[in-house]
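So the structure is just underneath, and the comments pick up after that.
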Amino acid sequence: MNKLLFTDIDGTLTNGKGKISEKNIKVINRLADKGVKTVLCTGRNITKALPVAKELNINLPMVCIDGILLYDVLNKKTIHGMLMENSEAKEIINIAEKFGVFAEASNGYKYYKHIHSKEQIKFDFFNAHTPLGYLKSYLGGIRYFGSYKELKKISGGYYQVTIGCDKNIKHEIIEEIKSKGFENIDIRDNLWDGYIFLNRKGADKSRGIDILCKEFEISPDETVAIGDDLNDLGMLKFCGTGVAMGNAADIVKKSADFITLTNDENGFALACERFFDI
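Numbering-wise, my numbering comes out as the position in the sequence shown, counting from 1, plus 14.
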């Protein structure tokens, strides 16, 4: 019997308009009534993930920024975080400055961005770059800096540094980063085209799931994971049952035990009803 659900947010819980359907909300409530725990596992930072937890009345720890940190919702604090060394994060920002590319740093709560030229706005695609878009971004914990220097002065430490660049220089930037000999840094460049994500080695959604399974004393075999993107691969493989959304990338579907309907067809709800018998 499955006892624990781990779910992605964007493209999984949310539909194409970024909203959570009433059916998905009702299914999560039914899971709670049955005693099934639901954990949010997301690439979002804490600030952007918390409203979802509130909307769904989920008080369990959240797995944020692809497993780089866990956030204790009840006690309002970061737990099991994987901070980068400040010197390494700042050196990566120096490399971004050398190439004059889009750079972003996260301290877990906020994303701090430097868009070096107008053409780099394309790497900030979550913002419509309208007055309303900037307001939504601000409320979601996004701040814009006018220089790389400011990125090297953020408070709270660095959980992740992200570079956005054109394909013709991506390999060169990666080689420059590798030349620094960082032993504890993972370079992820296959999640989204044009992006390089840099964080401590070992960060993955499955890391957070493993920690929580042990804390809840629930076997991974009794868990279900639902997701749609490449950053969900680890958790789909780790959990007893991995479910890919109908809108998922092909590689994600191939790694799943079951493929449900799309996020615009309440595929999340369908999967929950099937694997938790509700």
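A virtual CB, placed ideally from N, CA and C, is assigned to each residue, including glycine.
This one's a predicted model, so the numbers in the text were calculated from it and none came from an experiment.
Inset, instruction - Look at the alpha carbon of HIS94 and the alpha carbon of GLY160, and state the distance between them as a whole number of angstroms. - result: Here residue 94 refers to the residue found at position 80 when the sequence shown is read from its first residue. Here residue 160 refers to the residue found at position 146 when the sequence shown is read from its first residue. If I take the Cα positions, the gap works out to 32 Å.
Inset, instruction - Taking CYS286 and LEU19 to be in contact with their CB atoms under 8 Å, please state how far apart those CB atoms are, rounded to whole angstroms. - result: Your numbering for residue 286 matches position 272 in the sequence shown. Your numbering for residue 19 matches position 5 in the sequence shown. Contact flag correct, Cβ pair sits at about 7 Å.
Inset, instruction - Would you kindly report the start and end of the unbroken alpha helix (DSSP H) that includes ARG58? - result: Here residue 58 is taken as the residue at index 44 of the sequence shown, counted from 1. No alpha helix (DSSP H) contains ARG58, which DSSP labels as neither H nor E.
Inset, instruction - Grab the span of the alpha helix (DSSP H) containing LEU284 for me, first residue to last. - result: Translated into the one-based positions of the sequence shown, residue 284 becomes position 270. Counting along the chain, the alpha helix (DSSP H) containing LEU284 begins and ends at 281 to 290.
Inset, instruction - Find the nearest neighbour of ALA283 within the set LYS17, ILE199 and THR28, judged by alpha-carbon distance. - result: Start at 1 with the first residue of the sequence shown, and residue 283 comes out as number 269. When each option's Cα is compared against that of ALA283, the closest is THR28.
Inset, instruction - Can you tell me which of GLN174, GLY195 and ARG202 puts its alpha carbon nearest to the alpha carbon of TRP185? - result: The residue you call residue 185 lines up with position 171 of the sequence shown. Reading off the sequence shown, one finds His at residue 185, where the question assumed Trp. Checked all of GLN174, GLY195 and ARG202; the closest Cα to HIS185 is ARG202.
Legend entry - Continuous beta strand (DSSP E) stretch holding SER161: start and end: Within the sequence shown, the letter at position 147 stands for residue 161. It is not in any beta strand (DSSP E) - SER161 carries neither H nor E in the DSSP assignment.
Inset, instruction - Please classify ASP24: does DSSP put it in a helix, a strand, or coil? - result: Taking the first residue of the sequence shown as 1, we reach residue 24 at position 10. Looking at ASP24 - three-state DSSP - the assignment turns out to be coil, as it is neither helix nor strand.
Inset, instruction - Apply the 10 Å Cβ neighbour rule to PHE139 and answer buried if 16 or more other Cβ atoms are within range, or exposed otherwise. - result: Working through the sequence shown from its first residue, we reach residue 139 at position 125. Under this definition PHE139 is an exposed residue.
Inset, instruction - Take LEU97 as the anchor and find which of VAL257, GLY216, PHE113 and ALA142 has the nearest alpha-carbon. - result: Residue numbering aside, residue 97 sits at position 83 when the sequence shown is read from its first letter. The shortest Cα separation from LEU97 among VAL257, GLY216, PHE113 and ALA142 belongs to GLY216.
Legend entry - For GLU118, the residue or residues it bridges with in DSSP: In the sequence shown, counting from the first residue as 1, residue 118 sits at position 104. BP columns for GLU118 point to LYS127 and THR176.
Inset, instruction - Would you kindly check if the distance between the Cβ of GLY170 and the Cβ of ASN100 is under 8 Å? - result: Against the sequence shown, residue 100 aligns to sequence position 86. Against the sequence shown, residue 170 aligns to sequence position 156. No, the pair does not count as a contact, with Cβ atoms beyond the cut-off.
Legend entry - 8 Å CB neighbourhood of GLY254 in its chain, flanking five on each side removed: Walking along the sequence shown from the start, residue 254 turns up at place 240. Only ASN16, SER233, PRO234, ASP235, GLU236, THR237 and VAL238 meet the Cβ criterion.
Inset, instruction - Along the beta strand (DSSP E) that carries VAL257, what are the first and last residues, could you check? - result: Start at 1 with the first residue of the sequence shown, and residue 257 comes out as number 243. Looking at the DSSP string, the run of the beta strand (DSSP E) that includes VAL257 is 255 to 258.
Legend entry - Segments assigned beta strand (DSSP E), at least 3 residues, entirely inside the region 166 to 224: 174 to 178, 199 to 202 and 209 to 214
Inset, instruction - Look up ALA239 in the DSSP assignment and give the residues it is bridged to. - result: By 1-based counting over the sequence shown, the position of residue 239 is 225. The partner list for ALA239 (beta bridge, DSSP) reads PHE20 and GLY256.
Inset, instruction - Identify which residue in ILE210, PHE252 and ILE265 has its Cα closest to the Cα of VAL175. - result: Along the sequence shown, one-based indexing puts residue 175 at 161. The shortest Cα separation from VAL175 among ILE210, PHE252 and ILE265 belongs to ILE210.
Legend entry - Contacts around ILE168, its chain only, beta-carbon distance under 7 Å, and the 5 residues preceding and following it disregarded: Taking the first residue of the sequence shown as 1, we reach residue 168 at position 154. The residues are ALA119, ASN121 and TYR126.
Inset, instruction - Whole angstroms is fine: what's the gap from ILE60's alpha carbon to GLY30's? - result: The sequence position of residue 60 within the sequence shown is 46, counting from 1. The sequence position of residue 30 within the sequence shown is 16, counting from 1. Their backbone Cα atoms lie some 22 Å apart in a straight line.
Inset, instruction - Could you tell me whether the Cβ atoms of MET259 and GLY281 are closer together than 8 Å? - result: Position 245 of the sequence shown, counted from the start, is the residue given in the question as residue 259. Position 267 of the sequence shown, counted from the start, is the residue given in the question as residue 281. Yes, they are a contact pair.
Inset, instruction - Would you check if the distance between the CB atom of ARG214 and the CB atom of ASN198 is smaller than 8 Å? - result: By 1-based counting over the sequence shown, the position of residue 214 is 200. By 1-based counting over the sequence shown, the position of residue 198 is 184. Yes, these two residues count as a Cβ contact at 8 Å.
Legend entry - Any 3 or more C-beta pairs closer than 8 Å across the region 129 to 147 and the region 38 to 51: no
Legend entry - C-alpha gap between ILE187 and VAL41, whole angstroms: Residue mapping note: residue 187 aligns to position 173 of the sequence shown, counting from 1. Residue mapping note: residue 41 aligns to position 27 of the sequence shown, counting from 1. If you take the alpha carbons of ILE187 and VAL41, they lie about 45 Å apart.
Legend entry - Per-residue burial, TYR173 [other beta carbons within 10 Å of its own, 16 or more giving buried]: Here residue 173 is taken as the residue at index 159 of the sequence shown, counted from 1. Flag for TYR173 reads buried.
Inset, instruction - Keeping to the same chain, check which residues put their C-beta closer than 7 Å to that of ILE109; ignore five residues upstream and five downstream. - result: Reading the sequence shown from its first residue, position 95 is the one you call residue 109. Counting only Cβ-Cβ distances below 7 Å, and skipping sequence neighbours, we find ILE187, GLU190 and ILE191.
Inset, instruction - Answer with buried or exposed for HIS128, where buried requires no fewer than 16 other C-beta atoms within 10 angstroms of its C-beta. - result: The residue given as residue 128 occupies position 114 in the sequence shown. Result: buried.
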